[in-house]
Amino acid sequence: MTDTRAVTEIAIAGLDRASAAARAGRAFDRAPVRIVHLGLGAFHRAHQAWYTDVADEANEWGIRAFTGRSATAAEELAAQDGLYSLIERSGAGDSITLIDSIVDAVDGARIDILAATLAEPATALVTLTITEAGYAVDAEHRPDLNNAAVAADVKWLRANLAADVLDLSTAPQTALARLLVGLEARRRAAAGAIAVVSCDNLPGNGELTRAALTSLGELAGASDTLAYLKAQVSFPSTSIDRITPKTTSAEIALVREQTGWDDRSPVVTEPFHDWVISGEFPAGRPEWEKAGARFVDDIDPFERRKLWLLNGSHSFLAYAGAARGHETVAQAIGDPQIRAWVGELWDEAARHLTEPHLDIDDYRTALLERFDNARIQHLLAQIGQDGTIKLRARILEVLFAERAAGRDGAACIRVLAAWVARALGGQLPADSNGAAVSDAATLDTSAAVPALLAVIDQRLTDPEIVAAVVRAAADFVQN
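Using numbering that gives the first Met the number 0, the final residue of the sequence shown is 478, and nothing's skipped along the way.
Below is the structure:
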């Protein structure tokens, strides 16, 4: 593992990587780029980049990471030659590690660089942390043509993928459209098979990514691209877990104080980390298991456990906690009433997580310990973004399973009610479906609640569900 203090202190003297390494007594050659990442942000740097840093003892797996909507993260990281500090924050204190697995940070709009990188035979896999909203799909996991950016990208793809030479002077706006162009460049270069690895909180994220890319290719009329996707691209599924709040000026000051390095782009995270993976890697992969990743045949139970228990309760905390005046996860879970409600939500989910190897009781205990870590300032406003998409994945399956079993799903209803109450009060964080939410919220109350629930899923307009949500929402209306 990197000698944080030695390399960091040398870095501020203005020396390059090789000189810093020599002074620190270790090899520091840049690893060759073999991984492309889409969605350069704090979570990627706390998770996949960290796993690669720990596992890549032979220095063979460099990451070229592309941003999404903004180039800022790439500019900040490129100015530091890809180096950044990872602060692991426990209840007892902080430890700081220098991470060097990202060897290049690039503006996501540079589709020419993305295409060239994916056209290299040495590139073996693509990882994605583009957020749930970043897939820009509808409830059937098809490209959402009501999204103006998706519609424009389909038009761009139709014109460009059919051309003899790809015109990369302009770029699609959405992540999957950019990825499809990169995979087409790889096909044209005969660079071989590759794995596309979704690391976002979506059920069946590997199959969802495959379906979305396939649908996008169909809409673009890209028959050769589709044949390549089917024959040479694998889509492993993953369950990922590491709480990573937004970095603040306090973390920048901490790194400067503890190491002497003016790191402008550190990342803070909890010590806990988990990565469960299922699927094939036809062109190879890092030995992530050395850092604790688990490779399994059936990922579904692990995925459901994480989505329903961790992510589901996070969404509830975001809306119920904010309604009761809290700002962070630790504050919200410290509220006795909310803590009891979270327990009821977990009870409902646990009835449908029966595989013995999931160790649900231990998992719940560990979650409470993680949530109680007040030194991790995980903001509810951050968690609550894009609730229309997140609630669909985190709450509905349990709700409908409970109702199918003859129960009312009261705890799941309470989650929806907390979101509805915030929506009616105009107090929701940003949402990719924000216009539809705002329109629904302006209706009179009897029409507003079913209209709001319909933005999440049409099945929620069942009169019994609507009535239950209305009753439960009273608990979250601020006086």
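From the three backbone atoms N, C-alpha and C, an ideal C-beta is built for every residue, glycine too.
- Exclusion of the five residues before and after Val136 leaves Pro142, Asp143 and Ala211 as the residues of its chain whose Cβ lies within less than 7 Å of its Cβ.
- Runs of the alpha helix (DSSP H) spanning 4 or more residues and lying entirely within the region 37 to 79 occur at 41 to 45, 47 to 54 and 71 to 77, in chain order.
- When the alpha-carbon of Gly405 is set against those of Gly425, Glu347, Ala429 and Ala392, the nearest one is in Glu347.
- Taking the C-beta atoms as reference points, Val328 is found no nearer than 9 Å to Leu344.
- Relative to the Cα of Arg177, the nearest Cα in the group Leu395, Asp297 and Asp152 belongs to Asp152.
- Segment contact: the region 293 to 302 against the region 106 to 126, fewer than three CB-CB distances shorter than 8 Å; contact not assigned.
- Pro335 counts as exposed, since fewer than 16 other beta carbons sit within 10 angstroms of its beta carbon.
- Boundaries of the beta strand (DSSP E) around Asp103: Ile101 to Val105.
- A check of alpha carbon separations from Asp106 across Thr96, Glu75 and Glu368 identifies Glu75 as the nearest.
- Considering only Ala70, Ser222, Thr444 and Lys229, the residue with the shortest C-alpha distance to Val195 is Lys229.
- Contact check between the region 49 to 61 and the region 27 to 37: three or more CB pairs, one atom from each, fall below 8 Å, which counts as touching.
- Considering only Pro462, Asp456, Glu463 and Tyr50, the residue with the shortest C-alpha distance to Ile239 is Tyr50.
- Across the set Arg393, Trp418 and Ala123, the C-alpha of Trp418 shows the shortest separation from the C-alpha of Ala473.
- With distances taken between CA atoms, Glu131 lies nearest to Ser197 out of Ala221, Ser197, Ile112 and Ala150.
- Bridge partners of Val419 according to DSSP: none are assigned.
- The C-alpha of Ala188 lies about 16 Å from the C-alpha of Ala161.
- For Ile375, there is no enclosing beta strand (DSSP E), as DSSP marks it with neither H nor E.
- In the structure shown, the three-state DSSP call for Leu127 is strand.
- Asp223 sits in a helix when the DSSP states are folded into three classes.
- Closest by C-alpha distance to Leu423, out of Ser437, Thr353 and Ala73, is Ser437.
- Under DSSP, Ile337 forms no beta bridge with any residue.
- Here Phe234 carries a coil assignment [DSSP, helix/strand/coil].
- Here the alpha carbons of Val468 and Ile98 stand approximately 46 Å from one another.
- Thr126 counts as buried, since at least 16 other C-beta atoms from the protein chains shown sit within 10 angstroms of its C-beta.
- With a threshold of 16 other beta carbon atoms within 10 Å, Glu87 meets it and is buried.
- Around the C-beta of Ala174, 16 or more other C-beta atoms lie within 10 Å, and the residue is accordingly described as buried.
- With respect to Ala435, Val414 sits apart: the two C-beta atoms are not nearer than 9 Å.
- Scanning Ala373, Arg304, Phe370 and Asp223 for the CA closest to the CA of Glu354 turns up Arg304.
- Taking a C-beta distance under 9 Å as the contact criterion, Leu201 and Tyr134 qualify as a contact pair.
- The straight-line gap separating the alpha-carbon atoms of Phe475 and Ile382 is approximately 18 Å.
- Our two residues, Arg241 and Phe294, have alpha carbons roughly 17 Å apart in a direct line.
- Runs of the alpha helix (DSSP H) lying entirely within the region 113 to 166 and spanning at least 4 residues, in chain order: 147 to 160.
- Only exposed fits Thr441, as fewer than 16 other CB atoms lie within 10 angstroms of its CB.
- Taking 8 Å as the upper bound for CB-CB distance, Ile251 and Asp262 are in contact here, some 7 Å apart.
- Cα atoms of Arg421 and Pro428: separation of roughly 9 Å, rounded to the nearest angstrom.
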